[in-house]
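Peer 1: Shown below is the structure under consideration.
The structure is reproduced here in structure tokens:
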């Protein structure tokens, strides 16, 4: 994936610094829902302490909306969006952005394409006009496409020599098969080389549409200003885009898959079926994962695999809630001669966790950390805008910020026992090992 960013003028850098200093704590955030005259909805948090606004736009579907046979098209299109727009070529667009002390970034994942804009109030109208050109009238010049294509091809080639990328690609293929999740959103060398300029316009129209978008704005802007601005910026996008592919049940049935790679250590990914954030049992699962593998040196996996046995420098587990598939995953690296033992320990800890038995101290420590760390995420207008966009993408309501810690703190040992029995299954735990491990069947 390519992230396209340009240097930011000193005034914007200073504004960003102040945004971090003056960030609103989570409990003080008031989210307004704004509807533009043209019917575009957005969430807004006003903060007039500094003349600076952060705007985040996410288009649901992301790279999963690649057309059949065009894998990598949405990624290449996203990376080329600001390589010229309207009457401006790539260099002119960059210079115009710099002159306004504005920052635009375009990024795509499996489930969303995200556009972030940071702008000073004094230049907001001009910055919005410039961003509109990138969103509505991108040039997709052939020279720009070819230049960015070479960057993508370089990433694809590099990934073939990266054990972490190989492990991720192998795990995806096992879990999701022919579903878009089953391959890298970068595409393959063959598919990327075959993409045309026309494919860029088609890819844009599949994902960057009004029915796919959610919007958040944070900073020095009122509802009365935001509505017309959104109509100007986004009103000319196509009304509808491509439909999402169907959901996919991960094919994780246990066992170990080994990929030969000449290295003194092996990279290991593992996982099983997971749980959605919308599930009533998500917060017990979230707290259980903190105890099992997300809690750093206080987690069971780190204690058993690293601290007690010295089998790795680090190990973690994480709940992955994709729009169309849910998994509970983990990863670590270990010397080839220690991998078999490390996998055995992981399986044993997974079996113990599946019993749902946790101590009072484990439960309280996990809840204290998760509830205490949450307000620290709200460390600037841009970060807050991203959080609000993520909430909308996940179908949360505006009250989530106020109720989230209550849901964490309400988790009981009985809740954890219920979700552990329901979800965790060591027999289902599937491992991918990239390296030359010793002692694995």
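Numbering (this note's numbering), first residue to last: 66 to 506.
Beta carbons are placed, not taken as given, at the ideal position from N, Cα and C, and that holds for glycine.
Would you mind giving the Cβ-Cβ distance between residue 210 and residue 145, rounded to the nearest angstrom? I have them listed as a contact below 8 Å.
Peer 2: 6 Å
Peer 1: Per DSSP, residue 183 forms a beta bridge with which residues?
Peer 2: Beta-bridge partners of residue 183 (DSSP): 119, 168.
Peer 1: I need the DSSP call for residue 205, collapsed to helix, strand or coil.
Peer 2: coil
Peer 1: Put residue 376 into one of helix, strand or coil per three-state DSSP.
Peer 2: Looking at residue 376 - three-state DSSP - the assignment turns out to be coil, as it is neither helix nor strand.
Peer 1: Would you please state the rounded distance, in angstroms, between the beta carbons of residue 105 and residue 296? I believe it to be under 8 Å.
Peer 2: Between residue 296 and residue 105 the Cβ distance is about 6 Å, and since that is below 8 Å, they are a contact.
Peer 1: What is the DSSP secondary structure of residue 507, counted as helix, strand or coil?
Peer 2: Because the chain here runs from 66 to 506, residue 507 falls outside it and cannot be looked at.
Peer 1: Is the beta carbon of residue 405 sitting closer than 8 Å to the one on residue 505?
Peer 2: yes
Peer 1: DSSP three-state label for residue 294, please.
Peer 2: helix
Peer 1: Work out the CA separation of residue 243 and residue 500 for me, nearest whole Å.
Peer 2: 25 Å
Peer 1: Note down the Cα distance separating residue 453 from residue 118, rounded to an integer number of angstroms.
Peer 2: 14 Å
Peer 1: So the alpha helix (DSSP H) residue 96 belongs to, where does it begin and stop?
Peer 2: Annotation: residue 96 is outside any alpha helix (DSSP H) and is labelled neither H nor E by DSSP.
Peer 1: Suppose the cutoff is 7 Å on Cβ atoms and the five residues either side in sequence are ignored; what does the same chain contact list for residue 305 look like?
Peer 2: 274, 276
Peer 1: Among the residues of its own chain, which have a CB less than 6 Å from the CB of residue 213, if the five just before and after it don't count?
Peer 2: 144, 145
Peer 1: What is the rounded straight-line gap between the Cα of residue 372 and the Cα of residue 403?
Peer 2: 14 Å
Peer 1: Could you tell me how far apart the beta carbons of residue 217 and residue 137 are, in whole angstroms, since I believe they sit closer than 8 Å?
Peer 2: 7 Å
Peer 1: Measuring alpha carbon to alpha carbon, tell me which residue in 173, 411, 352, 300 is nearest residue 379.
Peer 2: 411
Peer 1: Are the CB atoms of residue 363 and residue 430 within a distance shorter than 8 Å?
Peer 2: yes
Peer 1: Nearest CA to the CA of residue 338: which residue from 95, 153, 488, 147?
Peer 2: The shortest Cα separation from residue 338 among 95, 153, 488, 147 belongs to 488.
Peer 1: I need the straight-line Cα distance from residue 318 to residue 327, nearest angstrom please.
Peer 2: 27 Å
Peer 1: Identify whether residue 280 lies in helix, strand or coil by the three-state DSSP scheme.
Peer 2: strand
Peer 1: Mind checking residue 125: buried by the 16 CB within 10 Å criterion, or exposed?
Peer 2: buried
Peer 1: Which value, in whole angstroms, describes the spacing of the CA atoms of residue 475 and residue 349?
Peer 2: 9 Å
Peer 1: Could you tell me the alpha carbon to alpha carbon distance between residue 421 and residue 344, rounded to whole angstroms?
Peer 2: Between residue 421 and residue 344, the C-alpha separation is close to 18 Å.
Peer 1: Could you tell me which residues DSSP pairs with residue 174 in its beta bridges?
Peer 2: Partner(s): none; residue 174 has no beta bridge.
Peer 1: Pull up the distance between the alpha-carbon of residue 313 and that of residue 248, whole angstroms please.
Peer 2: 13 Å
Peer 1: Give me the Cα-Cα distance between residue 357 and residue 204, rounded to the nearest whole angstrom.
Peer 2: 49 Å
Peer 1: DSSP three-state label for residue 326, please.
Peer 2: coil
Peer 1: Per DSSP, what kind of secondary structure is residue 72 in: helix, strand or coil?
Peer 2: Residue placement at residue 72 is poorly supported in this model, since its pLDDT is 32, which falls under 50; the coordinates still yield a value, given next. Correct three-state label for residue 72: coil.
Peer 1: I'd like to know if the stretch 282 to 290 and the stretch 153 to 168 are in contact, where contact means that at least 3 CB-CB pairs between them fall below 8 Å.
Peer 2: no
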